[in-house]
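Beneath this line is the structure, given in structure tokens, with notes to follow.
6 protein chains.
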Amino acid sequence: MTRIWLINPNTTRAMTSTIEACARAVAGAGVQVVGVTSDFGPPSIESHYDEAMSVPGLLAAIRRGEDAGVDGYVIACFGDPGLDAARELAAGPVIGIAEAAMHTASHLGRGFSVVTTLGRTIGRAEELAERYGMSRFCRGFHACEIPVLDLETDPTALKLVTEACREAIEQDGSDAVVLGCAGMADMCAHITEEIGVPVVDGVTAATLTVQSLVTMGLRTSKRGEYAAPPAKVYVEKA
Amino acid sequence: MTRIWLINPNTTRAMTSTIEACARAVAGAGVQVVGVTSDFGPPSIESHYDEAMSVPGLLAAIRRGEDAGVDGYVIACFGDPGLDAARELAAGPVIGIAEAAMHTASHLGRGFSVVTTLGRTIGRAEELAERYGMSRFCRGFHACEIPVLDLETDPTALKLVTEACREAIEQDGSDAVVLGCAGMADMCAHITEEIGVPVVDGVTAATLTVQSLVTMGLRTSKRGEYAAPPAKVYVEKA
Amino acid sequence: MTRIWLINPNTTRAMTSTIEACARAVAGAGVQVVGVTSDFGPPSIESHYDEAMSVPGLLAAIRRGEDAGVDGYVIACFGDPGLDAARELAAGPVIGIAEAAMHTASHLGRGFSVVTTLGRTIGRAEELAERYGMSRFCRGFHACEIPVLDLETDPTALKLVTEACREAIEQDGSDAVVLGCAGMADMCAHITEEIGVPVVDGVTAATLTVQSLVTMGLRTSKRGEYAAPPAKVYVEKA
Amino acid sequence: MTRIWLINPNTTRAMTSTIEACARAVAGAGVQVVGVTSDFGPPSIESHYDEAMSVPGLLAAIRRGEDAGVDGYVIACFGDPGLDAARELAAGPVIGIAEAAMHTASHLGRGFSVVTTLGRTIGRAEELAERYGMSRFCRGFHACEIPVLDLETDPTALKLVTEACREAIEQDGSDAVVLGCAGMADMCAHITEEIGVPVVDGVTAATLTVQSLVTMGLRTSKRGEYAAPPAKVYVEKA
Amino acid sequence: MTRIWLINPNTTRAMTSTIEACARAVAGAGVQVVGVTSDFGPPSIESHYDEAMSVPGLLAAIRRGEDAGVDGYVIACFGDPGLDAARELAAGPVIGIAEAAMHTASHLGRGFSVVTTLGRTIGRAEELAERYGMSRFCRGFHACEIPVLDLETDPTALKLVTEACREAIEQDGSDAVVLGCAGMADMCAHITEEIGVPVVDGVTAATLTVQSLVTMGLRTSKRGEYAAPPAKVYVEKA
Amino acid sequence: MTRIWLINPNTTRAMTSTIEACARAVAGAGVQVVGVTSDFGPPSIESHYDEAMSVPGLLAAIRRGEDAGVDGYVIACFGDPGLDAARELAAGPVIGIAEAAMHTASHLGRGFSVVTTLGRTIGRAEELAERYGMSRFCRGFHACEIPVLDLETDPTALKLVTEACREAIEQDGSDAVVLGCAGMADMCAHITEEIGVPVVDGVTAATLTVQSLVTMGLRTSKRGEYAAPPAKVYVEKA
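This is the structure we're talking about:
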């Protein structure tokens, strides 16, 4: 039995349930995916501040997972918060959803568009695209200006995101779309059908990437940069 | 049942058998992987000329696969020959083994080394790394100067490739190794054990990438560049 | 006497005649340019599939040229098909028309626009621009959506291409235009006159590049990657 | 009176004292520099994990600074932790010491070498060089393998760092050296004298960069990405 | 007493006076800034030709400064003419205003726009952005098409430049503006107020950069490329 | 009759004679190449200062050429001094020898090495390689540390340069060599014979590039950046 933890680094449990369902729908036989909600931190991640403050809760979840012998992890926020630190802590592979989604979309055509929630998060997405070598495939970043938690509650959200995707591929001349928020995972099938090009959701893409790595026995290299961090006594917050 | 064809674009059937076994060892439940040998062309691919001349045979195999309703394809030569043309022909996803191996290795650390057969193929590997956005992860390309078909017959080959991998990570300061030839697929486990860093074989990586794409319902975008090629009457070779 | 073969990698002899005339008009004294039509393959090259399938016919022509002691070759299709393989086979220099046109245009200003036939070929042109180091000069790629063979037969083609060139330089703020198809070679003078900026045709540019290389005694380096390919027995197509 | 806070994002007060002295030695008339030690987190930053865990303490210090009406901030760790989040929180400019050191060194020659503490931090330094556009000036990253806190206590540290700097410029052909740790700030003058090329310490460079920005009335743009983060109720750590 | 020469490489003294005042307004206590007008050359710099012809006069001024023991220099033209040669001649630091402005703007947000005088100078500005590693921050270059010397005399100039800045940030989605001409230095405060994002003037930015370098005891490295040029007998112009 | 001026931007007439002979040896029928020595400036170009000070003399020669109706120009110094300004002044094409040599070498293999005179000029050569898009082909820059004028007088120079070329291709794994100084033009044939890879001399390469451009009727675009510079009254040097 392969065990994958899908960590939602915000504290909103409803969102964890949604993405857990999406991940389970694609996981292979003999693979158990568990959605894990961060114990503390921001209810949604919509700024560099939110992202930075989400990382300790995420890392605490990774520590719990290591104690439990988990095989691999997905970080389910499109900013891929804490990815490097998580790779130091975990023995198995750790994949961010932006990482997985962009790599996946690069297999489907010459270029893709990213459609995300708030425009202020685009800088981070651009930075990740560069880090992963995916800038050459990213033809544009587009924001719907829908707050993350409204994706589930706003009845117009699905339509707005769909239209943003449609405009993005026209404007950018793209072959595919990457959804730029874990909260859009359950919209993926609908949008694909509506706009007629491949639409990539990072939650499922990352789950299958972790599953594949575990199947091949591949894990983060511990040869240098990602070796376990030196043990230290930290000063706790008062 | 998902059907994946693993196309060996050279005409050497023994090599097809070897890589088919490697791919089947990782394929998920409900996934059938079939090794397909090119009907005509070079017995091994060790030059730009060999590579160019392998493409028509490869594309003929893709056409047969389409007639048979195959779900996705792996191109099992590290030069990823004919990838763009294959994507035009196939309805489902097509992945090259250099493509899959490099992407996979990028998830495992800051940088990897590529270890391949002949030095004269390194130019092509560099070009592919750039195309896939993986140059930033590739820290070096190393040749063993073992001809492709000797990998299976030369009793010293395994040791030579293993030592080349060991030297490569030292010299490049790499976290992982990418094996630069389909013919090295069955050496992967041994080398990993010997050198203690993740070693990535493109045959298994590409098989699982195709499997994941099919699971997610993702295929090459047909919106523009990769639409089916315009039908034409070709002049046949006399 | 310097002998240059201008190889048309499609099988349409009328196109060979046109470009041969363009090349002869610029060739120096003592230089004989012969247009050579591919013996088999696609009648025009408008997809990755066409391009891949044109390469064996092109390489057969190079082989014939080597037997005849030809001094250098032009590959007269803007996708520069088979360039690397041709360099392995030929003793003398081999230049693609996209290669020559882009390099030439880079001498004439800060940036140029490429105007080509079908939009689906732009991905390949972008890839070539990157390969040749010319991306920094390419400000845009524009398609007329005129099929290659219609360039000679469609009475509105000249006007449409001219207008596409005019719009391209406006939109991109370019200093010059590169014509993105061998079939546009005979339009070059007219368009230059109409739009008032330098317009570069790759057929003539490549012919003169080969002529210059031969004059200087420069040929493809045979030190490594482009050495003659290893001799092998190929399986012939049944 | 301009007030600059020099935030040490680790919890070791002795280090704060040292760097505060270095910064005060260069600050202009009418500029008050105050060293601020993080209230909680790691005693030194030597891994991605340490760095991630230092950010909440750093951001708490920024919040206190904002309440106190501080004009600008230096983040005094060569990983520039939390820089983006700090820019969202602060009204005035925030500069990291890697950022300031690399920019400064770029004014002094064609290329510089970075000499840092542990090799495992080099990946982060490379990433920062790229982010700041400084990769083209960075000719090499070199580690002394001295833990951060040993810089002050190990009597051989100064000599080891000096020799590492000397070797770095020889090996890289560099014009200058960037010291890759706040804890090396007080070594700068000695090393400069010993090796005869400019040696840049980020603590002083960042202090003067902030001072200059405040003098010019320049602050982080609040137009988009760096606007104050949306207010939210966070779940506190149990 | 630190002495900085602010060299105007054109021969228009009124412009020197204006920029000297701007620089003096930001210089620290104990820093004397002197505006120096080139003795010969073009009255304004609006072409590559003007720029090239301004360099001998600029270098003559640097020679005079060295005789006078000047501590550092600003080259006050946005083309940063003669920067490398000046660095060879001068013992202290030399900074161009494009260099300083772009570096400074990179500290204030994710991207900036450059607003300059004539469109024909944009090619040079792009080249400088690349040289300094600042291309990744430059989102667009915009010209007002106001000749340099009209900036002071044309009563509509301030309004036109302000509107160009406003449009630039909208069009580019920028966080800040860089003024692309020394002659715009005294417009900076007004434009900042009007458009509500940080506006960077290179004259003040470069003055403070030089001041900071002198404070830190940092000067151009004389280790290799920027060593004093070999002494030679030149042929004088007849 | 096509007339090409080969401008030596230093004042050493003996060097002009040598390179004129090299250029004439390759020029086509009906092409007259005239070597022109700069009237004033440095006797050789070995620093940024020399280069900057050579430009006015070079531009004066271009002006004389324009009055004489010259068809195109070569700038015969490997720093390509004054290239942009010359393009503004001249109606016909202007090519630098570094530009032509690097482009030419890119046609001959995957990568080349540059072998030049003094190490301090390498920074400039790197900058030019980037400008021309040729960095991806440049695998290394190597200096012989022979002053420019000693190339003709030092009896060991030919041997030293030859050995530097031999070592360069070994060290860099290059396919070809670019000679980094006009003063090496007459060494080209000898070195080629000795080391067995293509060796490119920029003087002949640039002459043939200009000849080709003139043959095709191509000249610098006057649409924007390279339009004739605005006429102005300059202050003459006292």
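Protein chains in written order, with the working numbering: chain A, 1389 to 1626; chain B, 1389 to 1626; chain C, 1389 to 1626; chain D, 1389 to 1626; chain E, 1389 to 1626; chain F, 1389 to 1626. Glycine included, every Cβ here is placed at the ideal spot set by N, Cα and C. A quick note: this is a predicted structure, and the numbers were derived from the prediction, not measured.
Counting only the same chain and skipping the five closest in sequence on each side, list residues whose C-beta sits under 6 angstroms from that of Ile-1392/F. In the sixth sequence, counting from the first residue as 1, residue 1392/F sits at position 4. Result list for Ile-1392/F: Val-1421, Gly-1460 and Val-1598, in chain order.
When DSSP labels each residue in this structure, what does His-1436/A get in the three-state scheme? Working through the first sequence from its first residue, we reach residue 1436/A at position 48. The answer is helix: DSSP assigns His-1436/A an H, G or I state.
Is it buried or exposed, Thr-1541/D, if we count other Cβ atoms within 10 angstroms and call 16 or more buried? Within the fourth sequence, residue 1541/D is the residue found at index 153, counting from 1. Result: exposed.
Checking the sheet assignment: what are the DSSP bridge partners for Ala-1479/C? Taking the first residue of the third sequence as position 1, residue 1479/C is located at position 91. DSSP, once it has assigned bridges, lists no residue as partnering Ala-1479/C.
Chain F within 7 angstroms of Gly-1338/B, Cβ atoms only: Since the first residue of chain B shown is 1389 and the last is 1626, residue 1338/B is not available in this structure.
Is Asp-1563/B near Arg-1498/B, with beta carbons less than 7 angstroms apart? Reading the second sequence from its first residue, position 175 is the one you call residue 1563/B. Reading the second sequence from its first residue, position 110 is the one you call residue 1498/B. Result yes, Cβ atoms of Asp-1563/B and Arg-1498/B sit closer than 7 angstroms.
Does the beta carbon of Arg-1498/F sit closer than 7 angstroms to a beta carbon anywhere in chain B? Here residue 1498/F is taken as the residue at index 110 of the sixth sequence, counted from 1. Yes, Arg-1498/F counts as interfacial toward chain B.
When Gly-1423/B, Gly-1457/B, Ala-1474/B and Ile-1433/B are compared against Leu-1446/B, the one with the closest alpha-carbon: The residue you call residue 1446/B lines up with position 58 of the second sequence. Of the listed residues, the one whose Cα sits closest to Leu-1446/B is Ala-1474/B.
Using a Cβ cut-off of 7 angstroms, pull out every chain B residue sitting near Tyr-1622/C, in sequence order please. The count along the third sequence starts at 1 and reaches residue 1622/C at position 234. Here the neighbours are Gly-1429, Pro-1430 and Met-1441.
Can you give me the Cβ contacts of Ala-1545/F inside the same chain, cut-off strictly under 7 angstroms, excluding the 5 residues immediately before and after it? By 1-based counting over the sixth sequence, the position of residue 1545/F is 157. Result list for Ala-1545/F: Ile-1534, Asp-1538 and Leu-1539, in chain order.
For the alpha helix (DSSP H) that contains Asp-1560/A, what are its first and last residues? Taking the first residue of the first sequence as position 1, residue 1560/A is located at position 172. Its alpha helix (DSSP H) spans residues 1545 to 1560.
Please tell me whether Ala-1489/E and Val-1566/E are closer than 7 angstroms, where the distance is taken between their beta carbons. Along the fifth sequence, read from residue 1 onward, the residue named residue 1489/E stands at position 101. Along the fifth sequence, read from residue 1 onward, the residue named residue 1566/E stands at position 178. Their beta carbons are under 7 angstroms apart, which means Ala-1489/E touches Val-1566/E by this criterion.
So what's Val-1621/B in DSSP terms, helix, strand or just coil? As a position in the second sequence, residue 1621/B is number 233, starting the count at 1. Coil.
Tell me the residue span of the alpha helix (DSSP H) that contains Ile-1583/F. Translated into the one-based positions of the sixth sequence, residue 1583/F becomes position 195. Residues 1576 to 1583.
Can you look up Ile-1395/D in the DSSP assignment and give me helix, strand or coil? Position 7 of the fourth sequence holds residue 1395/D. Of the three classes helix, strand and coil, the one that applies to Ile-1395/D here is strand, per DSSP.
Indicate whether at least one CB of chain C lies closer than 7 angstroms to the CB of Arg-1508/B. Walking along the second sequence from the start, residue 1508/B turns up at place 120. Closer than 7 angstroms to some Cβ of chain C, the Cβ of Arg-1508/B qualifies, so yes.
Beta-carbon within less than 6 angstroms of Ala-1552/F's beta-carbon, same chain only, minus the 5 sequence neighbours each way: which residues are those? Taking the first residue of the sixth sequence as 1, we reach residue 1552/F at position 164. Taken in chain order, the residues that qualify are Val-1503, His-1530 and Cys-1532.
Does the beta carbon of Asp-1468/C come closer than 7 angstroms to any beta carbon on chain F? Within the third sequence, the letter at position 80 stands for residue 1468/C. Residue-level contact check: Asp-1468/C does not touch chain F, since none of the beta carbons of chain F fall below 7 angstroms from its beta carbon.
Assigned secondary structure, Ser-1442/C (DSSP; H/G/I helix, E/B strand, else coil): Counted from its first residue, the third sequence places residue 1442/C at position 54. Correct three-state label for Ser-1442/C: helix.
Starting from Gln-1420/F, follow its DSSP beta bridges and name the residues at the other end. Indexing the sixth sequence from 1 puts residue 1420/F at position 32. According to DSSP, which records beta bridges pairwise, Gln-1420/F is partnered with Arg-1391/F.
The region 1476 to 1483 of chain E contacting the region 1600 to 1612 of chain E, beta-carbon criterion three pairs below 8 angstroms: yes
The alpha helix (DSSP H) spanning Ile-1463/C covers which residue range? Within the third sequence, numbered from 1, the residue matching residue 1463/C stands at position 75. Not the alpha helix (DSSP H): Ile-1463/C falls in the beta strand (DSSP E), residues 1460 to 1463.
Just how far apart, CA to CA, sit Arg-1527/D and Glu-1514/D? Translated into positions along the fourth sequence, residue 1527/D becomes position 139. Translated into positions along the fourth sequence, residue 1514/D becomes position 126. The straight-line gap from Cα to Cα measures roughly 11 angstroms.
To the nearest angstrom, how far is the alpha carbon of Ala-1402/B from that of Val-1443/C? For the purposes of this step, residue 1402/B is taken as residue 14 along the second sequence, with counting starting at 1. For the purposes of this step, residue 1443/C is taken as residue 55 along the third sequence, with counting starting at 1. Computed Cα separation, rounded: 27 angstroms.
Interface positions of the region 1509 to 1523 of chain F facing chain D (Cβ-Cβ less than 7 angstroms), listed along the chain: Gly-1511
What does DSSP give as the partner residue(s) for Ala-1531/F in the beta ladder? As a position in the sixth sequence, residue 1531/F is number 143, starting the count at 1. Note: Ala-1531/F sits in a beta bridge opposite Thr-1504/F.
Could one say the Cβ of Glu-1533/D lies closer than 7 angstroms to chain A's Cβ atoms, at least one of them? Against the fourth sequence, residue 1533/D aligns to sequence position 145. No, no contact with chain A.
Are the CB atoms of Ile-1450/D and Ala-1573/D within a distance shorter than 7 angstroms? By one-based count along the fourth sequence, residue 1573/D stands at place 185. By one-based count along the fourth sequence, residue 1450/D stands at place 62. Using a Cβ distance threshold of 7 angstroms, Ala-1573/D and Ile-1450/D do not count as a contacting pair.
With H, G and I counted as helix, E and B as strand and the rest as coil, what does DSSP make of Gly-1590/F? Position 202 of the sixth sequence, counted from the start, is the residue given in the question as residue 1590/F. Of the three classes helix, strand and coil, the one that applies to Gly-1590/F here is helix, per DSSP.
If I follow the unbroken alpha helix (DSSP H) through Leu-1539/A, where does it start and stop? Sequence index remark: in the first sequence, residue 1539/A carries index 151 (1-based). Leu-1539/A -> alpha helix (DSSP H) spans 1538 to 1541.
Once the 5 residues before and after Thr-1400/B are set aside, which same chain residues still bring their CB inside 8 angstroms of it? As a position in the second sequence, residue 1400/B is number 12, starting the count at 1. Excluding sequence neighbours, Thr-1400/B sits near Thr-1425, Pro-1431, Ser-1432 and Leu-1537.
Run the CB neighbour count on Thr-1405/D, radius 10 Å, all protein chains shown included, and call it buried at 16 or more, exposed below. The residue you call residue 1405/D lines up with position 17 of the fourth sequence. It is worth fixing the name first, because residue 1405/D is Ser in this sequence and not Thr. When all chains shown are included, Ser-1405/D counts as exposed.
Only counting the same chain, and skipping five residues up and downstream in sequence, which positions put a Cβ closer than 8 angstroms to that of Ala-1570/F? Here residue 1570/F refers to the residue found at position 182 of the sixth sequence. Cβ neighbours of Ala-1570/F beyond the five flanking positions: Asn-1396, Met-1403, Ile-1407, Ala-1464, Cys-1465, Phe-1466, Ile-1485, Gly-1590 and Val-1591.
Spatially closest choice to Ala-1619/C from Gly-1416/B, His-1578/B, Asp-1427/B and Tyr-1437/B, by CA coordinates: Here the question's residue 1619/C lines up with position 231 in the third sequence. If we check each option's Cα against that of Ala-1619/C, Tyr-1437/B comes out closest.
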